[in-house]
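Working notes for the structure below.
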Amino acid sequence: MTFLATCGESTTDAVVIGSGFAGLTASLEILDRGGRVIIVEKESSMGGNSIKASSGINGCSAIDGEMSQDEVESFIMDTTKSAGDRANPTLIRTLVSNSAESLQWLQERLGVDLQSKTKLGGHCRARTHRPVKGTIGYSLISALKTELQKFQESGMLQIMTSTTATKLIQDETVSPNSVTGIKVTHRDDNDQEEEIVLPSKNVILATGGFAAARDEASLLAQYAPHLLDMPATFGSFSTGDGVQLASVAGAGRIDMEQIQIHPTGFVDPKDPQNPSKILCAEVMRGVGGILLSQGKRFCDELGTREYIVFRMMERNKETNDAPFYILLSSAAAKKTDAHIGFYSWKGLLQQMSGIESVENFMKVDPGVIRKTILHYRSDAINGKDGFGKSSFPDNFSDDLDQADFYVGCVTPVLHYCMGGLTIDASGRVLNEEHNAIPGLWAAGEVAGGVHGCNRLAGNSLLECLVYGRIIGKQITL
């Protein structure tokens, strides 16, 4: 039996391109409604960039099923502030107003632990949820895969890994520009390729961002060529497949030049020049980590990513590109032990005893970091520092000579593409005239417009969840 015959030649309800959080969430919602789904993943395993997410997922808290209006509006305000002059009020309100119910779905439908809650950079209050043990991305993808396996065993779901989507199929006889399926190329274990046509009532694009492709024809070279040499956290598979596919079918693009630079990617001491970096997650600063340059603080560590990167660039001018470090106390580290364990295992974080060893590691004069921390402790007691920081999750030990610390070298990295395909609040892909393309949907990083100029920490997983569920609950079966 051929692979094509195994997949079946009859029209399915949805072909989902990409197996990150958005794609798997949409798939499960469709399957729960009795629909039939084919997941197409070009890598050999599922999870995409989502499986690496670690800081958490944002969401309003619901009491007896209701969110307070103040909590909703403050979340909208923080997201809008981060989005800047590219903010889309409709997409943002859709994201926020569906957050509490969606987090409840994660807990009740998937059994995901979201008990730990932290205030991350750019937020006016704590609303970023994660498991007490383990990381959020791995927990979400693992839970989804467990549930989807049940549908795979029943024959309602088919998963095609090592399979690349190559062309959307459109049929003008159905309706103008209507998408009715997709062509894919499957690679077997012997690297033999087979082209396959997958007829479908709906195609859902969940292919992620585009900034891993750096060639002259890449989307990054087209829209942000000044960033081509910057290190990045993207998986090598984040090459803009969904944007390219949909553009050929007439889809519009939005905010393509808006690429987020995250302030903290780890510099691996064993391979400092490697352009691929592991993210030093936002939660590391959320639990109390501080950022240092030549032993001194230079920003509010809980500011927006855009603000911190700006301060880092300014600091570079002042210090002739001196390295940046993140420093955590042992008390702060205990709040996020899963991250600390992983980063330490990778050799990206060093545990040190006593402030003198930290100063030696950072190659600063004796007493410089001690003075920085004592000043920080005083600011924490007063409730505000010279950078405007007013939330101090950790205040370091009284005995700096005996205390344990964790320290790692960090650098700004490309992290997220705010731009992508133009969508509406239902997740439908729009053409350049802002009319919906029948049968074509998009969720996650492939979709643009939700985050404007800069994404708020913790909103990427929420976007995948909210818009993935919206699409899955409303497509025609």
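Numbering (UniProt numbering), first residue to last: 1 to 477. We treat Cβ as the ideally placed atom computed from N, Cα and C, and that holds for glycine. Bear in mind that the values here come from a model prediction, so they are computed numbers and not experimental data.
Segment limits, beta strand (DSSP E) that includes residue i
i	result
Ser293	Ile290 to Ser293
residue 482	Since the displayed the chain opens at 1 and closes at 477, residue 482 lies outside it and no answer follows.
Met160	Leu157 to Met160
Ser329	Phe324 to Ser329
Val40	Val37 to Val40
Val203	Val203 to Leu205
Ala14	Ala14 to Ile17
Nearest-angstrom Cα separation, counted from residue j out to residue i
i	j	result
Leu4	Leu157	Caution is warranted here: a pLDDT of 44 is assigned to Leu4, below 50, making its placement in the model unreliable, and no coordinate value can be reported.
Val466	Gly23	11 Å
Ala281	Gly265	8 Å
Gly240	Arg86	21 Å
Phe151	Ile259	37 Å
Gly20	Glu29	14 Å
Leu103	Gly59	7 Å
Asp13	Arg36	5 Å
Gly269	Gly408	For the sequence presented, residue 269 should be read as Pro rather than Gly. Rounded to the nearest angstrom, the two C-alpha atoms are 9 Å apart.
Leu302	Ser45	35 Å
Ser330	Thr164	45 Å
Pro275	Ser162	25 Å
Tyr376	Ser54	27 Å
Glu193	Tyr307	47 Å
Tyr223	Ile254	11 Å
Leu140	Leu461	10 Å
Thr166	Ala221	21 Å
Val203	Phe361	52 Å
Asp189	Ser353	50 Å
Pro89	Leu421	17 Å
Glu43	Pro323	35 Å
Tyr138	Ser50	8 Å
Thr476	Asp394	50 Å
Leu452	Asn459	Residue identity check: residue 452 is Gly in the sequence provided, not Leu. Roughly 12 Å separates the two Cα atoms.
Arg455	Ala403	36 Å
Leu31	Glu257	36 Å
Glu359	Met230	28 Å
Leu198	Arg187	16 Å
Ser175	Gln107	40 Å
Phe342	Ala436	44 Å
Bridge-paired residues (DSSP) for residue i
i	result
Gln350	Val407
Glu194	His186
Ile57	His129
Arg428	Trp441
residue 523	With the chain covering 1 to 477 only, the question about residue 523 has no answer from this structure.
Cys417	Ile259
Lys270	According to DSSP, which records beta bridges pairwise, Lys270 is partnered with nothing at all.
Met284	Per DSSP, none; premise fails for Met284.
Val179	Gln170
Pro412	Its beta-bridge partners do not exist; DSSP assigns none.
Arg253	Leu421
Ser200	Thr12
Ala436	Leu430
Gly265	Leu279 and Thr411
Rounded Cβ spacing between residue i and residue j (contact assumed at less than 8 Å)
i	j	result
Ile355	Leu349	With a Cβ gap of about 17 Å, Ile355 and Leu349 do not count as contacting.
Gly48	Gly235	7 Å
Ala249	Leu440	7 Å
Ile57	Thr128	7 Å
Ser82	Thr304	5 Å
Ser238	Ala212	4 Å
Val96	Val112	About 20 Å separates the two Cβ atoms, so there is no contact after all.
Gly288	Ala332	4 Å
Ile17	Met160	The Cβ separation is near 10 Å, so there is no contact.
Gly181	Val446	Not really, about 18 Å apart at Cβ, beyond 8 Å.
Ala443	Gly427	5 Å
Host alpha helix (DSSP H) of residue i (start-end)
i	result
His339	Asp337 to Trp345
Ser247	Asp241 to Val248
Gly48	No alpha helix (DSSP H) contains Gly48, which DSSP labels as neither H nor E.
Phe298	Premise fails: Phe298 is in no alpha helix (DSSP H) and is neither H nor E.
Gly137	Ile136 to Ser154
Phe234	Segment: none, Phe234 is in no alpha helix (DSSP H) and carries neither H nor E.
Gln474	Asn459 to Gln474
Gln402	Looking at the DSSP string, Gln402 is not in any alpha helix (DSSP H), and its letter there is neither H nor E.
Thr163	Segment Thr163 to Gln170 is the beta strand (DSSP E) holding Thr163; no alpha helix (DSSP H) there.
Val368	Val368 to Asn382
Thr25	Phe21 to Asp32
Glu216	Unbroken run through Glu216: none, as it is neither H nor E.
Phe210	No alpha helix (DSSP H) holds Phe210; DSSP gives it neither H nor E.
Phe392	Note, Phe392: premise wrong, no alpha helix (DSSP H); not H, not E.
Lys317	Arg305 to Thr319
Val358	Ile355 to Met362
Cβ-heavy atom distance, residue i to the ligand NAP, below 7 Å
i	result
Glu257	Among the ligands in the structure shown, none appear at all, so the ligand NAP cannot be discussed.
- In chain order, which alpha helix (DSSP H) runs of at least 4 residues are fully inside the segment 70 to 123? 89 to 97 and 99 to 109
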